[in-house]
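**Student:** Counting in the UniProt record's numbering, the sequence shown tops out at residue 157, every number present.
Cβ atoms here follow ideal geometry from the backbone N, Cα and C, with glycine treated the same way.
Every value quoted in this text rests on a predicted model; they were computed, and no experiment measured them.
So that we are looking at the same thing, I have put the structure below in structure tokens.
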Amino acid sequence: MPDPQMRAADTDREAVASRLGEHMTAGRLSVAEYEERVARAYSAKTYGELSELTRDLPSERPTYRPAPRPAAAGPCGPAPWGGSWTAAPWRRAVWGSWLSTAIIVTAIWLITCLSAGAFLYFWPIWVIGPWGAVLLAQTLGGGGGRSRRHHRPHNRV
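Below, the structure written as structure tokens:
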């Protein structure tokens, strides 16, 4: 709350009048009390005079701030890339794409093995291996998301 001796602005007076109207609608003030307090609100000069008008009414806003959430720590302490262990939306998206592709190509390989009657060369590693390595490097290195490069247009004559 600002200093009670500070001068109030018109917007402050209107805000108090609006709150008084809400309290009258809720039945906390009679019409006569509302009219008297609104008249005093519009003639108030300081924040102290305005706060007197709502002192006996419940506050609609919480008088406390919730404590800030602590930084997320994983099973081995803080994340090595300086972020949190909770996945950013881009990480969930790219790893989800990788996982679905890995499941599909592995299922194709497994069906091929079953139809051949023997375990064949595991070719899906050439699809999911390099892609997974790049994603792992981006995740551990904190990369991904928006590009940090600044592209400048080429001035051609």
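Tell me the DSSP bridge mates of T46?
**Tutor:** For the purposes of this step, residue 46 is taken as the residue at position 46 of the sequence shown. Assignment of beta-bridge partners to T46 by DSSP yields R7.
**Student:** Does any residue of chain D have a CB that is nearer than 9 Å to the CB of Y47?
**Tutor:** Annotation note: the requested chain D is absent from the structure, which comprises a single protein chain.
**Student:** What whole-angstrom Cβ distance do V94 and V127 have, given they're in contact under 8 Å?
**Tutor:** By one-based count along the sequence shown, residue 94 stands at place 94. By one-based count along the sequence shown, residue 127 stands at place 127. No, V94 and V127 are not in contact; Cβ-Cβ is about 15 Å, not under 8 Å.
**Student:** Alpha carbons only, please: which of I111, E35 and E52 is nearest the one belonging to M24?
**Tutor:** Counting from one through the sequence shown, the residue named residue 24 turns up at place 24. For M24, the closest of I111, E35 and E52 by C-alpha to C-alpha distance is E35.
**Student:** Quick check on P62: does DSSP put it in helix, strand or coil?
**Tutor:** Working through the sequence shown from its first residue, we reach residue 62 at position 62. Its pLDDT being 47, under 50, P62 is placed unreliably by the model, and the measurement read from it follows with that caveat. If DSSP states are grouped into helix, strand and coil, P62 belongs with coil.
**Student:** DSSP three-state call for S18: helix, strand or coil?
**Tutor:** Taking the first residue of the sequence shown as 1, we reach residue 18 at position 18. Three-state result, S18: helix.
**Student:** Assuming A41 and V16 are in contact, meaning their beta carbons sit under 8 Å apart, how far apart are those beta carbons, in whole angstroms?
**Tutor:** Walking along the sequence shown from the start, residue 41 turns up at place 41. Walking along the sequence shown from the start, residue 16 turns up at place 16. Going by Cβ atoms, the distance from A41 to V16 rounds to 5 Å, so yes, they are a contact pair.
**Student:** Specify, as a first and last residue, the run of the alpha helix (DSSP H) that residue 159 falls within.
**Tutor:** An answer regarding residue 159 cannot be provided, because it is not within the stretch 1 to 157 covered by the chain.
**Student:** Do A8 and L50 have their C-beta atoms closer together than 9 Å?
**Tutor:** Along the sequence shown, one-based indexing puts residue 8 at 8. Along the sequence shown, one-based indexing puts residue 50 at 50. Taking 9 Å as the Cβ cut-off, A8 and L50 qualify as a contacting pair.
**Student:** Measuring straight from C-alpha to C-alpha, what distance separates P62 and T11?
**Tutor:** In the sequence shown, residue 62 corresponds to position 62, counting from 1. In the sequence shown, residue 11 corresponds to position 11, counting from 1. Interpretation of P62 is limited by its pLDDT of 47, a score under 50 that renders its predicted location unreliable; no figure is taken from the coordinates.
**Student:** Sort G96, W109 and A26 by Cα distance to G117 and report the nearest one.
**Tutor:** Numbered from its first residue, the sequence shown carries residue 117 at position 117. For G117, the nearest C-alpha among the options comes from W109.
**Student:** Just the C-alpha distance for G48 and D3, rounded to the nearest angstrom, thanks.
**Tutor:** Position 48 of the sequence shown holds residue 48. Position 3 of the sequence shown holds residue 3. Approximately 8 Å, taken between the alpha carbons.
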